[in-house]
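Step one of this worksheet: look at the structure below.
In the working numbering, the protein residues as written are 774 to 1022.
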């Protein structure tokens, strides 16, 4: 989460400018006075913003040689703000959606299979209740329910390492699904699809490990297909004019 007020605004503008390439990785940043003038803030606010961005891995600071933009491999790739700053257009959004799908493919089918084998009766009932409650929810509520469902499956795997991944998965999914809402053609991408969630819940409920794995893979494949459609739309359709609002889902 970003700090409040002037510092938050400075972090937002400074961080976005780094991610969008105003300064290249490894490049030395201008003097503190120049940066303060550029962003229209005092030096204290700038220093606090630099601390926040350094914590995100975007900036390296050293007394002898000042501040530099960190190399991209040092950036915190799972930081919600950095992800959001990267999603500047449909093409970058499609790329992120595809990368998320690839990572989920490595994690979630196995977690679903383990949940079918290891979940307690209470955990199975909870997963099924979450899937059933996704039906007829408004979009924002469906997003929270969707995330809660996937985290519940991870917890039900009873694998401590997968539990550690849960927070990162939550950040990725919330950032992705929330960013979907800003798309002019957002109906191309975010679809809560309660039917496939309920199918996965039923497989876990019945203890069908292989079926749970296959359903989870099919669910993730839908996300990758959404990235392909979005990538195609980024080529064939222009960005909406400023002020245009997407149609409701």
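Virtual Cβ for every residue (Gly too), placed ideally from N, Cα, C.
Is it the case that the Cβ atoms of residue i and residue j are separated by a distance below 9 angstroms?
i	j	result
residue 889	residue 950	no
residue 985	residue 993	no
residue 972	residue 900	no
residue 880	residue 826	no
residue 970	residue 894	no
residue 921	residue 989	no
residue 829	residue 855	yes
residue 952	residue 820	no
residue 931	residue 891	yes
residue 779	residue 823	no
residue 927	residue 939	yes
Can you name the start and end residues of the alpha helix (DSSP H) that residue i belongs to?
i	result
residue 941	933-953
residue 1028	In the structure as shown, the chain begins at 774 and stops at 1022. Residue 1028 is therefore absent and cannot be evaluated.
residue 901	894-906
residue 875	863-891
residue 793	Looking at the DSSP string, residue 793 is not in any alpha helix (DSSP H), and its letter there is neither H nor E.
residue 1023	In this structure the chain extends from 774 to 1022, so residue 1023 is not present and cannot be described.
residue 802	No alpha helix (DSSP H) contains residue 802, which DSSP labels as neither H nor E.
residue 917	912-929
residue 858	853-859
At what residues does the beta strand (DSSP E) containing residue i begin and finish?
i	result
residue 828	Premise fails: residue 828 lies in the alpha helix (DSSP H), 816-828, not in any beta strand (DSSP E).
residue 839	839-842
residue 834	832-835
With 16 other CB atoms within 10 Å as the buried threshold, where does residue i fall?
i	result
residue 1009	The pLDDT assigned to residue 1009 is 43, lower than 50, so where the model puts this residue is not dependable, and the model offers no usable value.
residue 788	buried
residue 797	exposed
residue 844	exposed
residue 793	exposed
residue 861	exposed
residue 968	exposed
residue 863	buried
residue 784	buried
residue 902	exposed
residue 795	exposed
residue 886	buried
residue 934	exposed
residue 919	buried
residue 965	buried
Please decide whether residue i counts as near chain C, where near means a Cβ-Cβ distance under 9 angstroms.
i	result
residue 815	Annotation note: the requested chain C is absent from the structure, which comprises a single protein chain.
Check: Can we say the stretch 831-842 touches the stretch 802-809, given the rule of at least three CB pairs closer than 8 angstroms?
Finding: yes
Next item on the list: Please determine if the stretch 807-819 and the stretch 850-863 are in contact, where contact requires at least 3 C-beta pairs separated by less than 8 angstroms.
Entry: no
Notebook entry, point to check: Are three or more beta carbon pairs between the stretch 896-913 and the stretch 933-949 nearer than 8 angstroms?
Noted result: no
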